[in-house]
Amino acid sequence: MLFDLRPKSSRRDLFNRELELKFLDDAAGRGDPLILVLGIRRIGKTSILRSFLENWNGIYIDMRGVVRTADLYERLSEGLSDSLGRLKRFLKNIRGIRILDVEVEVKWRGRDSISFLGLLEELNRRRERIIMILDEVQGLRPPISMEVKSLIAYAYDNLENVTVILSGSEIGLLRNFVGIDNSASPLYGRYHLDLMVKRFPKDLSMEFLRQGFKELNMSVDEGIIENAVNLFDGIVGWLVFFGRSYVDGVRDLKQISNVAVQMALNELNKLDWKGRMVLKAIAEGENSWSTIRRYVEEKRGITIPKSSLTRTIRKLEKLSIIENYRFLDPVYREASKRLR
Ligand SMILES: Nc1ncnc2c1ncn2[C@@H]1O[C@H](COP(=O)(O)OP(=O)(O)OP(=O)(O)O)[C@@H](O)[C@H]1O
Ligand SMILES: [Mg+2]
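By this note's numbering, the letter at position 116 of the sequence shown is numbered 547, and the numbering carries on one by one without gaps.
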């Protein structure tokens with residue numbers, strides 16, 4: 432069902448991502464070692480990744496909230512359990528791995544344990560392509576981030592049957608995480624492919640909504656569909672949110688958009704005051720470094736060091752909220768007007 436709020440996990444349920452799937456299928460088919468899947472929030476990265484995995488042997492791991500080593504292994508165990516159907520024959524007779532009905536237990540410390548790396552080595556020995564997807568990896572902090580980077584570098588250099596896919600919504604931070612240009616990074620100098628997940632153009636966004644409503648036997652006025660697309664652009668996560676709300680009986684577009692803006696606002700409120708003020712300035716139409724500086728200084732009655740403003744703007748770019756003084760998502764622009 433298109434209007435399901437959870438990420439899609441099968442190619443059948445995925446609307447119009449054939450090119451992205453082909454890109455990944457081709458790369459995995461060639462045995463490429465490292466792929467980055469990039470795109471702003473709610474654009475459909477996870478859905479593409481999970482659906483892609485339907486045809487490959489591999490593990491999908493969501494790295495959001497992983498802080499300690501125990502978290503990492505918990506997620507690994509969940510990832511293995513999710514793909515157990517395909518992976519069972521690979522996992523038999525590996526020390527430290529136990530298959531319990533529908534779950535996989537990973538013993539990662541003590542006697543007869545196995546490390547993440549050890550497991551990848553075992554899987555690599557089976558001489559079939561194995562895909563390891565790490566989603567939202569850019570949020571990891573030291574020391575776990577270093578551990579994961581070393582793992583990826585090791586797989587890159589030594590495990591010829593493993594393809595690693597990294598994904599994240601904070602594009603600049605993900606590039607920093609990989610650190611291809613940073614000689615201090617374990618991944619320095621490694622070649623990789625990029626897949627940038629784009630928004631749907633207007634006609635496809637409208638078609639998406641039409642199909643979503645049709646699946647639920649609802650006929651919705653073209654005017655409403657067009658207004659929703661004008662508001663939410665081709666960001667599929669918001670289109671699903673709109674469709675779901677409408678189906679659930681909320682017929683006022685303004686009300687639906689209000690809830691979406693509030694969701695975005697909750698995220699933006701986690702930024703420091705400089706970040707919030709810069710976003711507010713841009714939302715109110717400032718579109719250059721110097722006018723933003725004046726805006727913030729006037730609002731706050733305090734001078735801002737040049738370097739500090741530049742750093743703040745760069746950070747907002749790395750978080751994929753803005754680019755060239757413009758919002759990448761219209762909902763975040765609306766939310767930013769409400770910042771204080
Ligand atoms: N191609 C698609 N067809 C149908 N629904 C989709 C498609 N892509 C994404 N969706 C839906 O849009 C929403 C957001 O998708 P998803 O979680 O995959 O995006 P994301 O880029 O991983 O988001 P986030 O940055 O929040 O992790 C979900 O409800 C998902 O079901
Ligand atoms: Mg995601």
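Glycine residues also receive a C-beta, built at the ideal position from the N, C-alpha and C atoms.
Discussion item. In the DSSP assignment, the beta strand (DSSP E) including residue 493 goes from what residue to what residue?
Written reply: 489–493
Worksheet entry | Assigned exposure category for residue 599 - 16 Cβ within 10 Å defines buried | buried
Fill in: Assumed close pair residue 575, residue 499 - CB separation to whole angstroms, cut-off 8 angstroms
7 angstroms
Worksheet item: What do you reckon, is the C-beta of residue 566 under 7 angstroms from a heavy atom of ligand 2?
Response: yes
Worksheet item: Does the Cβ of residue 588 have 16 or more other Cβ atoms within 10 Å, making it buried, or fewer, making it exposed?
Response: exposed
Worksheet item: Going by the C-beta, is residue 629 closer than 7 angstroms to any heavy atom of ligand 2?
Response: no
Practice prompt. Would you kindly work out how many angstroms separate the C-alpha atoms of residue 750 and residue 542, rounded to a whole number?
Written response: 42 angstroms
Discussion item. Can you tell me whether residue 438 is buried or exposed? The criterion is at least 16 other CB atoms within 10 Å of its CB, across all chains shown.
Written reply: buried
Worksheet item: How big is the Cα-Cα spacing for residue 706 and residue 757?
Response: 14 angstroms
Discussion item. Could you check if residue 439 belongs to the surroundings of ligand 2, using beta carbon to heavy atom distance under 7 angstroms?
Written reply: no
Worksheet item: Who are the Cβ neighbours of residue 730 in its own chain at under 7 angstroms, not counting the five residues just before and after it?
Response: 708
Practice prompt. Could you please give me the residues that DSSP links to residue 598 through a beta bridge?
Written response: 468 and 566
Discussion item. Within 8 angstroms, do at least three Cβ pairs link the segment 559–576 to the segment 591–608?
Written reply: yes
Worksheet item: Is residue 476 near ligand 1, going by C-beta to nearest heavy atom under 7 angstroms?
Response: yes
Worksheet item: beta strand (DSSP E) containing residue 531: first to last residue?
Response: 528–531
Worksheet item: Could you give the distance in angstroms between the alpha-carbon of residue 411 and the alpha-carbon of residue 539?
Response: Limits of the chain in this structure are 432 at one end and 771 at the other, which puts residue 411 out of reach.
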